[in-house]
Ligand SMILES: [Ca+2]
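In the working numbering, the protein residues as written are 67 to 311.
In structure tokens:
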């Protein structure tokens with residue numbers, strides 16, 4: 067595992083350095099409390115009834131200031147995969163598309179997030195392409211995630227590409243506190259769930275709530291790195307992550 071983690075870190079650094087050299091396709095940093103893209107162009111929007119304000123940012127490069135703070139998610143037991151945020155990006159001229167974003171949850175928000183994608187400007191969606199493995203916990207502030215679309219035919223060189231990040235039911239059964247027990251794919255697990263998940267098991271024993279918040283920062287689409295060898299490493303990492311999820 068150690069060697070795998072090290073390889074991943076090296077690949078991530080190489081990807082970041084290459085992307086910086088080649089240019090970001092589109093990025094939202096939410097500085098100035100706006101959903102207008104900071105770099106490049108694209109359309110960010112709320113879906114499934116969510117609402118949003120702006121809050122303090124992740125502190126990560128390239129900014130330290132502000133982030134997009136969303137709330138008003140679906141009621142417990144309703145609408146899995148329907149509520150969240152959406153980003154449409156024209157990838158014309160680019161291949162090997164990568165999405166990275168920073169994500170923070172409040173205690174009562176959903177712990178599980180899923181990424182879907184569209185190849186036709188949002189007319190239709192491929193759902194369940196990626197999920198975070200339940201990897202949100204308010205204990206550690208913002209988490210950084212990368213989603214690799216390099217293996218998706220049509221993600222690159224497409225004026226109608228886009229993704230949405232949506233809240234989903236826990237794919238596995240869980241017992242929040244002894245009285246809030248749910249089956250698989252039946253309920254949202256609150257982010258600071260006491261139920262499970264090392265190393266951030268959480269201490270919350272209440273139920274998920276619609277007023278929980280998901281905060282996003284540095285939502286970034288980059289093209290593939292130029293180095294073929296590193297592309298292969300990134301592809302392997304992406305495959306392993308999807309299998310693990
Ligand atoms: Ca920011």
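Idealized CB from N, CA, C, for every residue including glycine.
- prompt: Got a sec: does ligand 1 put a non-hydrogen atom nearer than 7 Å to the Cβ of residue 95?
  reply: Yes, Cβ of residue 95 sits closer than 7 Å to a heavy atom of ligand 1.
query: Does the Cβ-Cβ distance between residue 278 and residue 259 come in under 8 Å?
result: No, Cβ-Cβ distance for residue 278 and residue 259 is not below 8 Å.
- prompt: What first and last residue would you give for the beta strand (DSSP E) that runs through residue 183?
  reply: Per DSSP, residue 183 belongs to the beta strand (DSSP E) from 179-184.
Uninterrupted beta strand (DSSP E) stretches inside the region 90-153 (no shorter than 3 residues): Fully enclosed beta strand (DSSP E) runs of 3 or longer: 92-94, 108-113, 117-122, 132-137.
- request: Determine the direct distance from the alpha carbon of residue 245 to that of residue 220, and round the result to whole angstroms.
  value: Residue 220 and residue 245: Cα-Cα distance of roughly 46 Å.
Residues that residue 280 bridges to, as DSSP identifies them: DSSP lists 136, 171 as the beta-bridge partner residues of residue 280.
query: Ends of the beta strand (DSSP E) at residue 197?
result: Run containing residue 197: 192-197, per the beta strand (DSSP E) assignment.
task: For my contact list, residue 113 and residue 160 are in at a C-beta cut-off of 8 Å; report their separation, rounded to the angstrom.
output: Contact flag wrong, Cβ pair sits at about 24 Å.
- prompt: Counting pairs of Cβ atoms below 8 Å between the region 183-190 and the region 137-151, do you hit three or more?
  reply: The region 183-190 is not in contact with the region 137-151.
- prompt: Touching or not, the region 91-102 and the region 284-291, by the rule of three or more beta carbon pairs under 8 Å?
  reply: Touching, per the Cβ criterion.
- request: Assign residue 89 to buried or exposed, taking buried as 16 or more other Cβ atoms, counted over all protein chains shown, within 10 Å of its Cβ.
  value: With fewer than 16 other Cβ atoms from the protein chains shown falling within 10 Å of its own Cβ, residue 89 counts as exposed.
Environment of residue 110 [buried if 16+ CB atoms lie within 10 Å]: Residue 110 comes out buried.
task: For residue 251, collect the residues of the same chain with a Cβ closer than 8 Å to its Cβ; drop the 5 residues on either side in sequence, then sort them by chain order.
output: Closer than 8 Å at Cβ, skipping near neighbours: 146, 235, 236, 237.
message: Measuring only from the beta carbon, is residue 177 closer than 7 Å to any heavy atom that is part of ligand 1?
response: Flag unset: Cβ of residue 177 not near ligand 1.
- prompt: What's the gap between the Cα of residue 117 and the Cα of residue 229?
  reply: Residue 117 and residue 229: Cα-Cα distance of roughly 18 Å.
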